[in-house]
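First up is the structure itself, then whatever we jot down about it.
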Amino acid sequence: MPSRAETEYRYEKLTWPEINDAVDLGKVCIIPVGAVEQHGPHLPLDVDLVCPGGVAQGAGQEMTDKILVLPTIPYGYTGHVMDFPGTINTHYETFIRQVLDVTKSLAYHGFKKIILLNGHGSNMPNLDLAARRTNLETDAECVLAAWWQLLTVDPEFIPSWRESKFPGGCAHAGELETSMYLYLDGDNVRKDLIKSGVISFNEEESPFNWVDVFSAGPATLVSWTSSYSDTGVLGEAELATAEKGERVYREAVKQLCAFVNYFGPRPKDQRGRHQRHAPSMPIPWGQRPIED
Numbered sequence: 027m028p029s030r031a032e033t034e035y036r037y038e039k040l041t042w043p044e045i046n047d048a049v050d051l052g053k054v055c056i057i058p059v060g061a062v063e064q065h066g067p068h069l070p071l072d073v074d075l076v077c078p079g080g081v082a083q084g085a086g087q088e089m090t091d092k093i094l095v096l097p098t099i100p101y102g103y104t105g106h107v108m109d110f111p112g113t114i115n116t117h118y119e120t121f122i123r124q125v126l127d128v129t130k131s132l133a134y135h136g137f138k139k140i141i142l143l144n145g146h147g148s149n150m151p152n153l154d155l156a157a158r159r160t161n162l163e164t165d166a167e168c169v170l171a172a173w174w175q176l177l178t179v180d181p182e183f184i185p186s187w188r189e190s191k192f193p194g195g196c197a198h199a200g201e202l203e204t205s206m207y208l209y210l211d212g213d214n215v216r217k218d219l220i221k222s223g224v225i226s227f228n229e230e231e232s233p234f235n236w237v238d239v240f241s242a243g244p245a246t247l248v249s250w251t252s253s254y255s256d257t258g259v260l261g262e263a264e265l266a267t268a269e270k271g272e273r274v275y276r277e278a279v280k281q282l283c284a285f286v287n288y289f290g291p292r293p294k295d296q297r298g299r300h301q302r303h304a305p306s307m308p309i310p311w312g313q314r315p316i317e318d
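Under my numbering, the first residue of the sequence shown carries the number 27, and numbering increases by one thereafter.
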């Protein structure tokens with residue numbers, strides 16, 4: 027009989043024998059990673075969970091035979107947002123270790139292709155390190171992508187819907203995130219409280235120090251959110267619509283599926299040792315030795 031692993035994309039809904047089947051199928055594991063943090067007066071604290079989780083689930087539903095979506099890792103690195111009530115911070119070392127514990131568990135069970143799908147901007151440096159360490163400390167391959175980065179694959183897509191100013195109109199709880207949430211969970215948006223906000227240092231119009239979700243200046247100061255925003259809204263939330271959110275969601279899902287089709291069957295790059303003499307000790311830092 028066919029295994030349920032062929033048609034089930036939710037990792038936690040499989041049994042352990044079905045996990046073995048999923049490994050044999052060469053499924054790509056997607057780990058949504060988010061945060062619980064403020065998103066202004068109009069959006070709930072779970073924006074960074076709903077958005078990457080929604081995109082990952084959408085891709086899983088499209089490609090049940092190729093994808094496994096893990097439960098979302100909910101708590102991220104949000105120390106700079108602690109001046110706003112509700113935000114939950116995880117120490118960066120704890121956060122990296124937790125993500126590594128998940129990726130290493132997957133690698134141990136036999137999954138060799140892992141995607142970290144991020145939903146919170148300040149997770150990116152830590153997740154980058156977690157992905158790199160996964161690649162050096164296991165025999166799996168791990169890549170990091172933020173869900174909004176998927177919108178940049180087609181250079182014509184963002185200009186087709188974005189109305190807010192650049193930079194700053196799409197930063198945090200602005201046009202992009204509010205649109206996405208309006209589509210994915212519109213009943214929980216406090217629509218009567220939607221109000222745009224500015225990033226105070228963006229108003230300086232410095233060529234060095236500016237930020238937008240899709241880019242940042244070459245020397246941008248990253249500090250306490252409350253030091254450059256009174257409301258926690260960074261962008262033009264009033265330009266958000268559910269229709270934009272649907273377009274954004276469908277594009278992100280489409281591009282994630284396209285990446286899985288590329289990444290899943292791609293042969294692993296092979297290392298080469300270039301020391302004249304074979305090292306007389308194991309490679310330090312817990313990294314895997316080269317396979318002779």
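Ideal Cβ placement from N, Cα and C applies to all residues, glycine included.
Computed from a prediction, not measured in an experiment: that's the story for all the values here.
Beta-carbon contacts of residue i that lie in its chain and below 7 angstroms, excluding the five residues immediately before and after
| i | result |
| --- | --- |
| Asn149 | Val59, Ala61, Gly102, Tyr103 |
| Arg297 | Ile316 |
| Arg159 | Leu126 |
| Pro244 | Phe234 |
| Trp250 | His106, Asp109 |
| Ile100 | Before going on, a small fix: residue 100 reads as Pro here, not Ile. So the qualifying residues of the chain are Gly60, Val62, Leu75. |
| Leu170 | Leu142, Asn144, Leu153, Asp154, Ala157 |
| Gly290 | Gly52, Val54, Lys92, Lys139 |
| Pro70 | Asn214 |
| Cys283 | Ala85, Glu88, Met89 |
| Leu208 | Val215, Ala266, Thr267, Ala268, Gly271 |
| Leu40 | Arg30, Ala31, Glu34, Ala48 |
| Val279 | Val81, Gly84, Ala85, Glu88 |
Delimiting residues of the alpha helix (DSSP H) encompassing residue i
| i | result |
| --- | --- |
| Ile141 | Element bounds for Ile141: not the alpha helix (DSSP H) but the beta strand (DSSP E), 139 to 144. |
| Ala171 | Looking at the DSSP string, Ala171 is not in any alpha helix (DSSP H); the run it does join, the beta strand (DSSP E), is 167 to 172. |
| Ala133 | 118 to 135 |
| Tyr37 | Element bounds for Tyr37: n/a, residue is neither H nor E. |
| Leu153 | 150 to 163 |
| Gln362 | This structure does not reach residue 362, given that the chain is present from 27 up to 318, and the question cannot be answered. |
| Trp42 | 42 to 50 |
Spatial neighbours of residue i in its chain, beta-carbon cut-off 6 angstroms, leaving aside the 5 residues before and after
| i | result |
| --- | --- |
| Pro28 | none |
| Phe227 | Asn235, Tyr254 |
| Thr98 | Pro58, Gly60, Leu75, Gly79 |
| Leu210 | Val76, Gly80 |
| Glu230 | none |
| Thr246 | Asn235, Val237 |
| Trp187 | Lys270, Arg273 |
| Arg299 | Ile316 |
Beta-carbon gap between residue i and residue j smaller than 9 angstroms
| i | j | result |
| --- | --- | --- |
| Gly261 | His303 | no |
| Thr164 | Tyr134 | yes |
| Leu265 | Glu189 | yes |
| Ala263 | Ile220 | yes |
| Gln83 | Tyr35 | yes |
| Phe285 | Ile184 | no |
| Val49 | Phe137 | yes |
| Val179 | Gln301 | no |
| Met206 | Tyr118 | no |
| Ile56 | Leu96 | yes |
| Arg314 | Leu162 | yes |
| Glu277 | Val73 | no |
| Glu167 | Lys294 | yes |
8 angstroms CB neighbourhood of residue i in its chain, flanking five on each side removed
| i | result |
| --- | --- |
| Thr257 | Gly66, Pro67, Lys221, Gly223 |
| Pro111 | Gln64 |
Curious, which full-length alpha helix (DSSP H) runs of at least 4 residues does the segment 60 to 103 contain?
-> 73 to 88
Counting only runs of 4+ residues fully inside the segment 195 to 220, write out the alpha helix (DSSP H) ranges in chain order.
-> Fully enclosed alpha helix (DSSP H) runs of 4 or longer: 201 to 211.
Spell out a yes or no on whether the segment 111 to 131 and the segment 174 to 193 are touching, meaning 3 or more CB-CB pairs, one atom from each, closer than 8 angstroms.
-> no
Between the segment 189 to 209 and the segment 229 to 248, are three or more C-beta pairs nearer than 8 angstroms?
-> Yes: the two stretches touch, three or more of their Cβ pairs being nearer than 8 angstroms.
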